[in-house]
Amino acid sequence: MRARNYFVGAAFALLAGGMAHSAMAQDIKIGEINSYSLLPAFTEPYRKGWQLAVEEINAAGGINGKKLVVISKDDGGKPADAQTAANELVSSEGVAMLTGTFLSNIGLAVSDFANQKKVFFLAAEPLTDAVTWSKGNKYTFRLRPSNYMQAAMLVEAAAKLPAKRWATIAPNYEYGQSAVQVFKKLMSEKRPDIQWVDEQWPPQGKIDAGPVVQAVAAANPEAILNVTFGADLVKLVREGNTRGLFKGREVVSFLTGEPEYLDPLKDETPEGWIVTGYPWYSIKTPEHDAFLKAYQAKYNDYPRLGSIVGYQTIKAAAAILAKAGSTDPEKLIAAAEGLSMPSPFGEITFRKIDHQSTLGAYVGKTALKDGKGVMVDSSYKKGSDYLPSDAEVEKLRPKD
Amino acid sequence: MAFYVVQFLTGLASAASLFLVASGLSIIFGVTRIVNFAHGAFYMIGAYIAFTLTERLSGAFGFWGSIVLAALAVALIGVLVEMVLLRRIYHAPELFQLLATFGLTLMVEDLVVLIWGPDDLVGRRAPGFKGAIDFFGQNIPSYDLFLIVLGPVVLGILWLLFQRTRWGVLVRAATQDRDMVAALGVNQKWLFTSVFAVGVFLAALGGALQIPRDAVHHAMDLRIIVEVFVVVVIGGLGSIVGAFVAAVLVSELNAFGILIFPKISIILVFLVMAVVLIVRPWGLFGKPEAAARKTPGLTVNPWRPLTSNERLASLAALLLAATLPLFAGNYALTVGSEIAIFVIFAVSLHFLMSVGGLASFGHAAYFGLGAYGVAFLAKMAGLPMIVCLLLGPLLGCMGAAVFGFFAVQLSGVYFAMLTLAFAQIVWSIAFQWVSVTGGDNGILGVWPEKWAASPSNFYWLALGVAALVTVALRVMVFSPFGYALRATRDSLLRSEAIGINAKRIQWTAFVIAGTTAGIGGALFAYLKGSVFPDNLGISLSVDALVMVLLGGVETVSGAVIGAIVYKALNIWLVSQTDLSKLVLGGFIVLIVVVFPKGIVGMLEMLAQRRRKSSPPGSPLLAKPIESAE
């Protein structure tokens, strides 16, 4: 908490109004928004990640000699509150750019705000394809691999499975719906012979796992696509294990390899699921080693995927600000388009065509090791290899 | 065939966990008339404490002992809450206790994260109930079978408790007529405390029993609380058997419903409740509520229009508010606009709740409909802003006309729950109908036109509309229609006896309130530039209730102050701290204890007391002024 207060700075900025600005004229301020109170399991590691990045950047002399300050706000999981926060950051804190957000609808709300107010926005986490495609705009960039990219990575592995009868389980909201839709589309393109025999749409956060598992089992699929995560995933896995749903069936699952979602499963981790995730324990690259060492030294804890996202978001923001040499949004956009930079996962580039970064994800299989869930046989999938052709992207994205 | 049997049994297991929590809520409501919003919080704490204990204590005895111990510990917390907090406010206006328990819930959500950390926790499986039993090739988890047996056992124990013990007789008597029980010399204090303890015990037990199959996390409470309310209402308030039947009904409909409509779960309970309440206004096993004895507050302190001085003061306050753009920055102005919009929203609910005596739990539906109305008109028809603002609220008006017609047939908590059901149905339409509403990704790009785009112009617009709406509703309160509406609130029988068509008056009030909320929603869409299903959601409805209660439900315009205080505080806290829920919850609890009549209600009482205690000359002096109004 203490560290945060430091970054937040003026507790009475609201009262002091403009006075605070002149005092810190030499600093470059970034406004950061996320669902800290609603999704602490993801956003706590995320916060640690970006705080580490801020520390590193300032230790290395800041941005073109100016100190970087991140002002962070909670959106409580509500798009309307996220906009209030964005407004405060832009109007009264005078930040150079906005970053952050987790939920897709909040990402879209802030992106629309950025477009309207002509502010640079770097979306960290929201996965919906709409952020960069159907509702994309010139002020918005995104770091994390989108729904489409993660689906394409999974499809590559899933299409090799012999299974022909597939069932899907996904949370009933935009993320689940579009994940299933893209997966089905890409899968059917590669494997016209497969059948979709059942789909279950439990409400997000409220899965009644017993009946859902039973219903899927009744359709007798050979393979299952799972999109649930968090507490829903725990319930699904527990019921599925007891009822033998996963026995003799292949399972392909979005995000399950991320420590945030895998670790709570402990000894109930199902084995052999094909998942996207972040096996921090088995990544052996110099870039990641450096990140891991710094993170563990600072927090005495291992990083989650959120830590990577938070860390790289601020690193990317700093790289863009440094290249632009200005806080003018148009110059920031020009600087960001096509900009390449190092990341713990290797070099990434913000594409000019749709403002999506080429950060990738790890795909592997789940396994049990010493009573804990881990990802094995994992390999890094570069984001750039899993995006549709430029011609297709241009059709998807409205003209600026 | 075996599949259907197993699916049925699975449904029964879900019903059992639902029933445990619901029965507790039902008992508490039956006796104390408290709408215990914190019931979900107790459920959650039960699960957290049970998690900690089962991790420490090993073996079969350790596990089951931990479950019971956790439930007892939470019951103790419940007793503490009842004695320290709720006892002070039993005599406050109806629903005020809801505010207190809402504040508690907010606090608990942050506290569990502080104590147990942000990660999802997965507890142990129950010793002896780890596997599954084979039933003609289908697996039934043995823990499910345990729950299936436990449900009826708890029902049986409760039945014995209520039918065969003196305590049970008293509880049933109090459920029927608590004033009479008090008049007969029963110590109500301890009766209420014990009932509250039993109810909380059941909630915590329900939570603790979830750890072998669920993850323990800080949002468990919200996941269960609404559903449990619905179950209690479907069954009939205060009826344990009803709660059991309703839990089974809802769970089985869900278990089989998803086989045909996999997306049904999101709305099923609310559909069932709407149907049940329209057909059986008091739930399946409920009895018509005895006419409640009104708290005397309303008759002792009759409403009056503002005096000329007060009018001048209000006008001055409005003018002062209008000067904000002269010295405040853009952010403050946008916050100001948001507060003004919530004033509109709060006074619209206040009109229904305080003047009409109809507390709606789903008022956000009409706010959101207004917002969606604007979004449709602006994005699809491309109409100019003024036209959208004028026509958008009509969607709220239409919604209120349709749903209000059914809702006003009911009263009290049943009315509240039916409005909640309708709101949830509207919400799920907005959520599911992706091709029209954009689903939860909402409709973007609904920004104001140039003339209203600057924060100061928009602020003046919002402030102006808010002032107009508040004045219009006040005028209505003191119009013949307002008197008729208040008559139906104070005594339905007498008002009908003098020829007031009560249902039509209430329906009209509902439509007025809904349209007004729609005006707020229309402005809100332009303020935010986007519309999301959130704008129709439960949390917004709860916000409105809190604003009205905070201001004072027995006042004429307390909602204005309630909205300003709550919204400003909320925005400020969210901006300043991650523990905004803890602080806000604490603040609400404090307000409840210090101002049991709401902020404005308390100020009025103080003003009156001052008037009374002033020298004997002044009452005489005050009289002619009052009659001159």
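Sequence lines, in order, name chains A and B. Following this note's numbering, the numbering of the first sequence begins with 1 at its first residue and continues without gaps. Following this note's numbering, the numbering of the second sequence begins with 401 at its first residue and continues without gaps. Think of the CB as a built atom: it goes at the ideal place given N, C-alpha and C, for glycine as much as any other residue.
Beta-carbon contacts of residue i that lie in its chain and below 6 Å, excluding the five residues immediately before and after
i: Ala438 (chain B); result: Thr501, Leu504 and Thr505
i: Ala922 (chain B); result: Gly770, Val774, Leu789, Gly792 and Pro793
i: Leu873 (chain B); result: Val747 and Phe751
i: Leu521 (chain B); result: Phe451 and Val616
i: Trp201 (chain A); result: Asn172
i: Glu652 (chain B); result: Gly411
Same chain only: Cβ atoms within 7 Å of residue i, ignoring 5 sequence neighbours per side
i: Gly272 (chain A); result: Lys365 and Thr366
i: Trp907 (chain B); result: Gly804, Phe805 and Val808
i: Pro848 (chain B); result: Met785, Phe858 and Tyr926
i: Arg525 (chain B); result: Pro612
i: Thr977 (chain B); result: Val983
i: Leu550 (chain B); result: Ala416
i: Val155 (chain A); result: Phe183, Leu186, Met187 and Lys190
i: His21 (chain A); result: Note that His21 (chain A) has pLDDT 43, beneath the 50 cutoff, so the model's placement of it is unreliable and the number below is only indicative. So the qualifying residues of the chain are Gly94.
Member of the options whose CA lies at the smallest distance from the CA of residue i
i: Lys806 (chain B); options: B:Leu795, B:Ala823 and B:Leu790; result: At residue 806 (chain B) the sequence reads Phe, which differs from the Lys that was named. For Phe806 (chain B), the nearest C-alpha among the options comes from B:Ala823.
i: Gly338 (chain A); options: A:Ser178, A:Arg142, A:Phe42 and A:Gly65; result: A:Arg142
i: Trp464 (chain B); options: B:Val474, B:Phe451, B:Glu738 and B:Leu476; result: B:Phe451
i: Val631 (chain B); options: B:Pro784, B:Val956 and B:Leu420; result: B:Leu420
i: Pro264 (chain A); options: A:Lys235, A:Leu332, A:Gly94 and A:Asp208; result: A:Lys235
i: Phe995 (chain B); options: B:Val953, B:Leu973, B:Val974 and B:Lys687; result: B:Val953
i: Asp193 (chain A); options: A:Glu250, A:Arg165 and A:Leu396; result: A:Arg165
i: Asp430 (chain A); options: A:Glu55, A:Ile63, A:Val155 and A:Pro45; result: As displayed, chain A neither begins before 1 nor continues past 400, which places residue 430 (chain A) out of reach and without an answer.
i: Tyr422 (chain A); options: A:Lys381, A:Lys369, A:Arg144 and A:Arg238; result: Any answer about residue 422 (chain A) is impossible in this case: the structure gives chain A only from 1 up to 400.
i: Pro552 (chain B); options: B:Gly599, B:Ala1007 and B:Val645; result: B:Val645
i: Gly845 (chain B); options: B:Tyr883, B:Gly929 and B:Phe910; result: B:Gly929
i: Gly205 (chain A); options: A:Asp198, A:Ser378, A:Leu108 and A:Val227; result: A:Val227
Residue i (DSSP reduced to helix, strand or coil)
i: Asn841 (chain B); result: helix
i: Pro541 (chain B); result: strand
i: Leu412 (chain B); result: helix
i: Ile533 (chain B); result: strand
i: Tyr731 (chain B); result: helix
i: Ala13 (chain A); result: With a pLDDT of 37 at Ala13 (chain A), under the threshold of 50, the modelled position of that residue is not reliable, and no figure is offered here.
i: Leu777 (chain B); result: helix
i: Leu668 (chain B); result: helix
i: Ala402 (chain B); result: helix
i: Trp833 (chain B); result: coil
i: Tyr380 (chain A); result: strand
i: Lys1012 (chain B); result: helix
i: Thr269 (chain A); result: coil
i: Thr43 (chain A); result: helix
i: Ala367 (chain A); result: strand
i: Leu225 (chain A); result: strand
i: Lys160 (chain A); result: coil
i: Ile274 (chain A); result: strand
i: Leu292 (chain A); result: helix
i: Asn34 (chain A); result: strand
i: Gly61 (chain A); result: coil
i: Glu258 (chain A); result: coil
Residues of its chain near residue i, where Cβ-Cβ distance is below 8 Å and the 5 sequence neighbours each way are ignored
i: Ala319 (chain A); result: Leu339 and Met341
i: Ser665 (chain B); result: Asn654, Gly657 and Ile658
i: Ala114 (chain A); result: Ala86, Leu98, Phe120, Phe121, Asn137, Tyr139 and Thr140
i: Ile445 (chain B); result: Val474, Ile477, Val508, Val512, Ala604 and Gly607
i: Val393 (chain A); result: Trp133, Ile353, Asp354 and Leu387
i: Ile741 (chain B); result: Ala862, Ala866, Gly920, Leu923, Phe924 and Leu927
Cβ distance (whole Å) where residue i is taken to contact residue j below 8 Å
i: Tyr173 (chain A); j: Leu127 (chain A); result: The pair is not a contact, with the Cβ atoms about 12 Å apart (cut-off 8 Å).
i: Ile548 (chain B); j: Leu412 (chain B); result: 5 Å
i: Arg894 (chain B); j: Val755 (chain B); result: About 17 Å; that fails the 8 Å criterion.
i: Val131 (chain A); j: Ile169 (chain A); result: Rounded, the Cβ-Cβ distance is 24 Å, inconsistent with contact.
i: Val512 (chain B); j: Tyr448 (chain B); result: 6 Å
i: Val1000 (chain B); j: Ile961 (chain B); result: 5 Å
i: Asp544 (chain B); j: Gly210 (chain A); result: 7 Å
Open item on the list: Ignoring anything shorter than 4 residues, give me the alpha helix (DSSP H) runs that lie fully in the region 74 to 152 of chain A, in order along the chain.
Closed with: 79 to 87 and 104 to 117
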